[in-house]
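Notes follow the structure.
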Amino acid sequence: MSADSRRVEVHPGREAVVEFDPELTFECVDDCTWCCQHGVLLYDRDLLELAQRANLAETTTDFRGEKFVTREEKSRDEHVAEDGHACAFLREDGLCSLHLDEDWKPTRCSVFPLGVWLEGGDLHVDIRESAHEHCEGLNVSERRVIDNLEAFLPELLWDLDDPDSDREL
């Protein structure tokens, strides 16, 4: 643990080691879909949840032995990555059909813009390096991340052998 890090109880009996500035705020901003343009890693429990909401054969892909939400070509210039692709659930208006229609998000989507990893048996959390460069929602609101960690860190993260969120499609 670095001098700046602190332990925070996120869920009863579930602590995380916070490595970011406790004054950091985050709120999604309109038309920023940067996090939706990259592959969304699906943990096993996410797959079970997604199977109740969508056809897995059409919406997921395997990459290096792990499941991801399919990135598909979109017929517009905004809300897409440089290759013209984005998450299969990203609608034309830049909003997520899973979140809006199903009131559910895959774990990886809840965690963003944070990164999580295991170190010394503890779950560590910091701001993803790429978020500093691309995420427009950092420090634009009054919503302190450290006060809302339960919204970012689903309890299942503590049960995973490898919760590392830095894996991409």
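First residue of the sequence shown: 71, per our numbering; consecutive thereafter.
Beta carbons: idealized from backbone N, C-alpha and C, even for Gly.
- [ ] Reducing DSSP to helix, strand and coil, say where residue 124 ends up.
- [x] In this structure, residue 124 counts as coil in the three-state DSSP scheme.
TODO: Can you give me the Cβ contacts of residue 89 inside the same chain, cut-off strictly under 8 angstroms, excluding the 5 residues immediately before and after it?
DONE: So the list reads 72, 74, 75, 194, 195 and 196, once near-sequence residues are dropped.
- [ ] Thinking residue 159 and residue 239 are a contact (beta carbons under 8 angstroms), I'd like their distance in whole angstroms, please.
- [x] Here residue 159 is actually not in contact with residue 239; their C-beta atoms are around 14 angstroms apart, not less than 8 angstroms.
TODO: Determine the DSSP secondary structure at residue 205, reduced to helix, strand or coil.
DONE: It is coil, neither helix nor strand.
- [ ] State whether the region 138–153 contacts the region 106–113, with contact taken as three or more CB pairs (one from each stretch) at a distance under 8 angstroms.
- [x] Contact annotation: the region 138–153 touches the region 106–113, with at least three C-beta pairs closer than 8 angstroms.
Open item on the list: What does the alpha-carbon distance come out to for the pair residue 174 and residue 84?
Closed with: So the two alpha carbons sit approximately 22 angstroms from each other.
Task: Sub-8 angstroms separation of residue 136 and residue 237 beta-carbons - done: In this structure, residue 237 lies closer than 8 angstroms to residue 136 by Cβ.
Task: Straight-line Cα distance separating residue 96 from residue 202 - done: About 12 angstroms.
Open item on the list: Can you look up residue 215 in the DSSP assignment and give me helix, strand or coil?
Closed with: In the structure shown, residue 215 sits in a helix (DSSP, three-state: H, G or I).
Task: For residue 221: DSSP bridge partner residues - done: Per DSSP, residue 221 has no beta-bridge partner at all.
Open item on the list: Quick check on residue 191: buried or exposed, where buried means 16 or more other Cβ atoms within 10 Å of its Cβ?
Closed with: Classification of residue 191: exposed, given that the 10 Å Cβ count is below 16.
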